[in-house]
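Taking our numbering, I'd label the letters of the sequence shown as residues 961 to 2057.
Where is the CB? At the ideal position from N, CA and C, for every residue including glycine.
As the structure is a computational prediction, the values presented were derived from the model and not from experiment.
Notes follow the structure.
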Amino acid sequence: MSMNNSPNVFLDPNANRFQVNIINESHDSNEASQEDVGSDPPHYEETSFTEEAHNRLRISYRPGKRELYDNFLQNGEKTEASLHPCDTHHKMYYLQTFGHNTMDPVPKIDYYRNTGSVSGNKLNRPSLLEIHEQLAKNIAVSTGSVERVANGESTAGDEAAASKEEEKKTGFVKFGWVKGVLVRCMLNIWGVMLFIRLSWIVGQAGIGLGVIIILLATMVTSITGLSTSAIATNGFVRGGGAYYLISRSLGPEFGGSIGLIFAFANAVAVAMYVVGFAETVVELLKESDSIMVDESNDIRIIGTITVVCLLGISVAGMEWEAKAQVILLIVLLIAIANFFIGTVIPTNNEKKAKGFFNYQASIFAENFGPDFRSGEGFFSVFAIFFPAATGILAGANISGDLKDPQGAIPKGTMLAILITTVAYIAVAVCAASCVVRDATGNINDTVIPGMSCNGSSACNLGYDFSRCRSQPCDYGLMNNFQVMSMVSGFGPLITAGIFSATLSSALASLVSAPKVFQALCKDNVYKGLHFFAKGYGKNNEPIRGYVLTFVIAMAFILIAQLNTIAPIISNFFLASYALINFSCFHASYAKSPGWRPAFRYYNMWISLFGALLCCGVMFVINWWAALITYVIELFLYIYVTYKKPEVNWGSSTQALCYIKALDSALALATVEDHVKNFRPQCIALTGAPMIRPALLDITHTFTKNNGLCICCEVYTGPRKLCVKEMNSGMAKKQAWLTKNKRKAFYAAVAADSFRDGVKSLLQASGLGRMKPNTLVIGFKKDWRSAAVTQVENYVGVIHDAFDFELGMIIVRISQGFDISQVLQVQEELEKLEQERLVLEATIKENEFEEERSGICGFFRKARKLNITKHETKNESTINTVQSMHVGEFNQKLLEASTQFKKKQGKGTIDIWWLFDDGGLTILIPYILTIRKKWKNCKLRIFTGGKVNRIEEEKLVMASLLSKFRIKFADINIICDINMKPNKESWKFFEEMIEPYRLHESCKDLTTAEKLKRETPWKITDAELEAFKEKSYRQVRLNELLQEHSRAANLIVLTLPVARKGVVSDYLYMAWLEILSKNLPPILMVRGNHKNVLTFYS
């Protein structure tokens, strides 16, 4: 291979330091050398990192190489410069990054996108396997795709280009931070409260406390704005506003509950603002005596017409809605400016009689302190003002329609809060500096000479409003809600401002509710609402959501009395603010590496304070509405938690769960083991968990909610294939455990042999104190037909478990555990069923087309007949194949695989506790009896003893079990364990081991030695004689088990231990075979001879 790394390449002033070179390679080194001599340096492709180029490739041609590149781009022609993945006779091409032969692509944003990203297509970088395994191999590059490959792109680049082209054609509208966030938030925050309630609030609380009320409300919204900005800048923000921010931070449980509430609150808020507008119009109609029906019905009529018009603007598209918002903002700003201008225009006698005297220091001083009346107080006045400060999420709610949500949301939201707060304070202070609290409106109420004013500012200014103390007056800050109209330079402009404030807020809410609801439905958190996820038009408008919002708004407009529902809506908004603040705190507290917001001006503890403040404000505004909000939120939270939507958003809840688990594991590591806290922590050698479900079920029965259970699989064979298969199946098999509600982990290893793999698992599985202490394995039913190495590995695993001081459980059921054949048959049947359905659908479609063709169908009867025959033939073929598979289907094996899932009827668990192993043999069945499925089974204890001490042995065992607090139904002392088995049983045992015997005593010494070397695994006569008594015992035990425990639901038996290096593998397998033959399900258990039971408290 020839690589051109000549200095000329790097000294070229036109060369970019981030370059991707195409390197010429030849298998013939001489040919390569000749070509290199005197040739120009190869052309290369430059990867541009400039913002203007958006990471697209620019091609720089070297002298004389333009023609080569042109040839390369010819489609379908094999030129000198063509790249072909399988061509072994022509020159090969490698990609060169930074002047080195490598497939590694340079960093690029497209590799980090999510699939289906709206801002660009996800590209796939070369996998680690491709980098690691195929570094020196040819890169498969199709003709005409050099630009994509050199840039690290796949053919998905074509799709990306097509997607962007389609986007340009449709004219997808995106808003900047001013039109998209600032304008929207300002309009939503400046509501009708600014014009008709702020003067009353400052009259009640005074200038001092009034400003504090405004600042307190602003504190809540500002902290929420900071938290929103932090969350919005921690990654790409899609549509959904508050729902999207909360769900991606705290997970679908919180996001799903608050998303539904928030969308509903926005829908009802439309009705609130529209009714506010309608009431103002009705007031004007009353003044001109033009009421149509009556006040309530007029509100309904005007409200209905208004909401229909707003719906039309919204459905027309976001662009029209944005234009309408800008116009409304201009009207609103003119109205506010009109008020400030009016404060400096010299007043007249009529306005003075109504309490307006321009700016006066005496009025400012008089109105600075509070004067709460009619049972009002600081918190009640605050509760009335606070809804005027809401609306800060209006921009975030349309985050999917913003050009740059990460930049627009913080900038627009915080600036809107600042501007609106300054405006509120300015209006409040100016109004309280110009207008007295009470005025009669009578121009004749002037001061009589010699009258004492008693410090009243109005009296000092020549007017006597003293009668307002004894009787109600209609003017002044406390009595007249139209103070701003009176003060302003031109009163109708204030009315226009009220219209603008109400309509703009209604329009913003009418857009926000469907957008949030659509995002919620797209995530499929509530499956029944997925109908509303569909969007229409170039902006993916949620038309169905608009209609739903319209229906909800109309329902509340027709009520025309929203005084009781208004506090709940405010509380819904506050609940959203509280969760946004808590989301920011939670994400910071979880210390997830993924929490890296670009917005730095936030503090986790301030966010927590903001969350608590929002909760407090909820109860201040209306305690019962707060309780209702929390109850609804809790119900939705429980519902979503129960349904467990299949989403994974990397929420801070997951991060904190990990932190807690890690802290708990570390804390547990410092605690010494104690026998009272012993619990079976099992490694179950199930292979793939779905292959041996019965083995998993029995293990899970005594580990569920009690101990660790790890389902393990060992892959043997070519390492590369094993690792690939293992990695691809890990997530699938863990998901199977989760789906089937098995509280277990899945682990796999790739090893040279089964025994080596298990040895690795036994040593490395677990974490800290959560390490396995018991190995569960199925009985090797095919040991007599299996290869010698398989038997050696199987017995070797048992020896290894004892070497590592683990308990051992061997489980045997009559049908065996492996149901892979059953699963294979089921999979084939499912495929055949799918083929049948597709065939039926095709035939129906053909028939439908023929029916549509009318008279032509008459001439096609022959073809139809052929189709019918073909259908019959296919169906008969399917039925034949299906019958064939059903014939092979092992129904007994399938039933046996589910036997431990079923509830066990009344019966017994027989425990043959023959040798003391530390108590594991008695603990396992005890744990089974405290499970629902096994609670009807009684424990029967069997143990060995002497004939002349049966009663004493019973008392001793009963006393021991009583001290262990283990209930039992019966104790049986078996005295004839050491008797010889009957001849038939022994003969069966001898016949079973016959194929594995060496029979060296019947051969001469040389032949015997040769056989020992060639077949060291065989059972020698000397070994059989040495362990004859032990063999007798195993055969005799099977006879006793057949006699006493044939009807038991489960048998738990002490596992015999084979001395390592002394007892051959086949003799040990023969013991296990004869011991457990023709019995109900049996667990052969051997503890590690360390106490797992204690009678001390």
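Helix, strand or coil for residue i? Go by DSSP, reduced to three states.
i     : result
R1909 : helix
F1739 : coil
I1218 : helix
V2022 : coil
F1135 : strand
R1973 : helix
E1107 : Since pLDDT at E1107 reaches only 37, below the 50 mark, its modelled position is unreliable, and no value is offered.
Y1886 : helix
L1421 : coil
M1444 : helix
T1858 : coil
L1727 : strand
K1756 : The identity of residue 1756 in the sequence shown is Gly, whereas the question assumes Lys. Three-state DSSP puts G1756 in a helix.
T1406 : strand
G1878 : coil
G1767 : strand
Y1496 : strand
K2037 : coil
A2008 : coil
A1761 : helix
G1200 : coil
F1545 : helix
K1923 : helix
G1117 : Unreliable placement is indicated for G1117, whose pLDDT of 39 sits below 50; the coordinate value is still reported in the next sentence. Helix.
S1250 : coil
For the beta strand (DSSP E) that contains residue i, what are its first and last residues?
i     : result
W1565 : Note, W1565: premise wrong, no beta strand (DSSP E); alpha helix (DSSP H) at M1564 to I1581.
D1930 : D1930 to I1934
V1709 : F1705 to A1711
May I ask which residues mark the beginning and end of the alpha helix (DSSP H) holding residue i?
i     : result
T1181 : L1158 to A1192
W1946 : K1943 to I1953
L1681 : R1679 to K1699
V1511 : I1503 to I1519
N1148 : V1143 to I1149
L1616 : S1612 to A1629
I1259 : E1255 to A1276
P1370 : P1365 to C1394
T2054 : Taken as a continuous stretch (DSSP letters only), T2054 belongs to no alpha helix (DSSP H), as it is neither H nor E.
V1999 : The sequence shown places Glu at residue 1999, rather than the Val named in the question. Looking at the DSSP string, the run of the alpha helix (DSSP H) that includes E1999 is K1988 to H2004.
A1747 : Here A1747 belongs to no alpha helix (DSSP H), and DSSP marks it neither H nor E.
G1195 : Where G1195 is concerned, there is no enclosing alpha helix (DSSP H), given that its DSSP letter is neither H nor E.
C1428 : Element bounds for C1428: n/a, residue is neither H nor E.
P1474 : G1451 to K1482
A1654 : P1653 to T1663
What does DSSP give as the partner residue(s) for residue i in the beta ladder?
i     : result
A1644 : C1671 and V1736
C1897 : G1867
R1772 : I2042
W1872 : F1902 and L2013
A1399 : Y1435
F1532 : Note: F1532 sits in no beta bridge, so no partner.
I960  : For residue 960 there is no data in the structure shown, the boundaries of the chain being 961 and 2057.
Y1602 : None; Y1602 has no bridge partner.
T1676 : A1711
With a cut-off of 8 Å on the beta carbons, I'd call residue i and residue j a contact; round off their distance for me.
i     : j     : result
Q1366 : V1197 : 6 Å
L1453 : I1262 : About 21 Å; that fails the 8 Å criterion.
S1567 : S1209 : Actually they are not in contact, since the Cβ atoms of S1567 and S1209 sit about 11 Å apart, beyond 8 Å.
Y1203 : G1185 : The pair is not a contact, with the Cβ atoms about 17 Å apart (cut-off 8 Å).
A1238 : I1259 : 4 Å
Quiz prompt | Segments assigned beta strand (DSSP E), at least 3 residues, entirely inside the region 1300–1373 | solution = none
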